[in-house]
Amino acid sequence: MQGAWANVLITGASSGLGRALAEACARPGAVLHLSGRDGARLEDAADACRARGAEVRPVVVDVCDATAMDRWVAGAGRLDLVIANAGISAGTGGNTEPVEQTRRIFDTNVTGVLNTALPAIEAMAAQPPGADGLRGRVAVIASLAAFVAAPGAPTYCATKAAVQRWAEALDASERRRGIRLHAICPGYVRTPMTARNAFKMPFLMDADEAARRTLDGIARGRTRIAYPLPTYLGARVLGMLPIAARAWIFSRMPAKQADGTI
Ligand SMILES: NC(=O)c1ccc[n+]([C@@H]2O[C@H](COP(=O)([O-])OP(=O)(O)OC[C@H]3O[C@@H](n4cnc5c(N)ncnc54)[C@H](OP(=O)(O)O)[C@@H]3O)[C@@H](O)[C@H]2O)c1
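For the sequence shown, the residue numbers in this note's numbering are 25 to 286.
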């Protein structure tokens, strides 16, 4: 089951999961508002969506720029589905996480999500319900990292936990206004983000499959969309262990690398 949303806005559509989501939503009759910072890669993604028959409106905009995001989202016209996907990732590399990296990940993964979702919710509240009876849906791309405070990626885990909890909690009240929120929690997905990981990634899946599962879960109205099941269960068990036991397990695993270029 996959929904066929007419007006879709996706951040971080120039690469990886965002691009796969855009292509999966592309069809004749669909209007796609796509963003990223890299204009050439964004245009390439837009062309791939146009080839599937969609009308595409690509915009180069940084999700950390609240004013520009407000202008873009509020000016997009009707929005049936907004996906706050843009995100960055880096770890400690086994050392202290750089301060600048911590701030940048919070800015992008938390403030950037708010800069997308808040104007979207405001715009949706003012638009009439669609054929499905909803004013609109906002999906936030969190991660299975939301469920584990992994010592190798403190900031990444914290930011993903923040947006996962925010979306799930807000869904309860916003659905009374006809707006749904979805917390998307993927495991490892084959994208440029994970291509840098030097460690083994269990149940690594292609971005197309992750996009399919994401859109299928949204169409089914699930608030939390977590996949694949074995990694989800592993993350939940790890997350529930006593902190010392979890630290001991993670001390035997390689940490995600710190990256000054994120
Ligand atoms: N890959 C995984 O295993 C995995 C697992 C769970 C969750 N996720 C989440 O899925 C999302 C997409 O990740 P991905 O794996 O597809 O990574 P990716 O290939 O590196 O793509 C990240 C996207 O985010 C955009 N982006 C980053 N910072 C931005 C900013 N400040 N403003 C606007 N756009 C920005 C990038 O666009 P530009 O480069 O054009 O700026 C790019 O399109 C992220 O939120 C990530 O945390 C990924």
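Just so it is clear, CB atoms sit at the ideal spot from N, CA and C, and this is done for glycine as well.
CA-CA distance, residue i and residue j?
i, j, result
"Arg-199", "Leu-205", "8 angstroms"
"Thr-135", "Val-80", "26 angstroms"
"Val-162", "Val-213", "21 angstroms"
"Asp-232", "Ala-69", "14 angstroms"
"Asn-109", "Val-187", "11 angstroms"
"Ile-203", "Val-55", "20 angstroms"
"Gly-63", "Cys-73", "15 angstroms"
"Ile-242", "Arg-236", "10 angstroms"
"Gly-154", "Pro-175", "44 angstroms"
For the putative contact between residue i and residue j, defined by C-beta atoms under 8 angstroms, what is the C-beta separation to the nearest angstrom?
i, j, result
"Asn-221", "Lys-184", "At roughly 16 angstroms, the Cβ-Cβ gap does not stay under 8 angstroms, so Asn-221 and Lys-184 are not in contact."
"Arg-201", "Ala-149", "6 angstroms"
"Met-229", "Pro-266", "Not confirmed; about 30 angstroms, so no contact."
"Asp-195", "Thr-247", "5 angstroms"
"Gly-84", "Ala-147", "The question names Gly, but residue 84 is Val in the sequence shown. Not confirmed; about 21 angstroms, so no contact."
"Leu-58", "Pro-82", "5 angstroms"
Whose C-beta lies closer than 7 angstroms to the C-beta of residue i among residues of the same chain, with five residues either side of it excluded?
i, result
"Arg-65", "Ser-38 and Ser-39"
"Gly-117", "Ala-279, Gln-281 and Ala-282"
"Pro-216", "Ser-39 and Gly-40"
"Ile-288", "It is not possible to answer for residue 288, since the shown part of the chain is limited to 25 through 286."
"Arg-76", "Glu-47, Ala-50 and Arg-51"
"Ala-259", "Leu-168, Phe-171 and Val-172"
"Glu-121", "Pro-178, Thr-179 and Ala-282"
"Phe-130", "Thr-179 and Thr-183"
Around the Cβ of residue i, are there at least 16 other Cβ atoms within 10 angstroms (buried) or fewer (exposed)?
i, result
"Ser-4", "A question about residue 4 goes unanswered here, because the residues of the chain that appear run from 25 up to 286."
"Ser-197", "exposed"
"Trp-29", "buried"
"Asn-119", "exposed"
"Met-93", "buried"
"Met-91", "Checking the sequence shown, residue 91 turns out to be Thr, not Met. Answer is exposed; the Cβ neighbour count stays below 16."
"Ala-268", "exposed"
"Pro-226", "exposed"
"Asp-89", "exposed"
"Asp-71", "exposed"
In chain order, what residues of the same chain lie with their CB nearer than 6 angstroms to the CB of residue i, ignoring the 5 residues before and after it?
i, result
"Thr-285", "With a pLDDT of 49 at Thr-285, under the threshold of 50, the modelled position of this residue cannot be trusted; read the value that follows with caution. Result list for Thr-285: empty, nothing under 6 angstroms."
"Asp-86", "Arg-61"
"Val-106", "Leu-33, Ala-144 and Val-162"
"Val-137", "Ala-108, Val-164 and Val-187"
"Phe-223", "Pro-278"
Might you give, ordered along the chain, the residues of its own chain that have their beta carbon closer than 8 angstroms to the beta carbon of residue i, omitting 5 neighbours on each side?
i, result
"Pro-152", "Arg-159"
"Glu-192", "Leu-205, Ala-207, Thr-247 and Arg-248"
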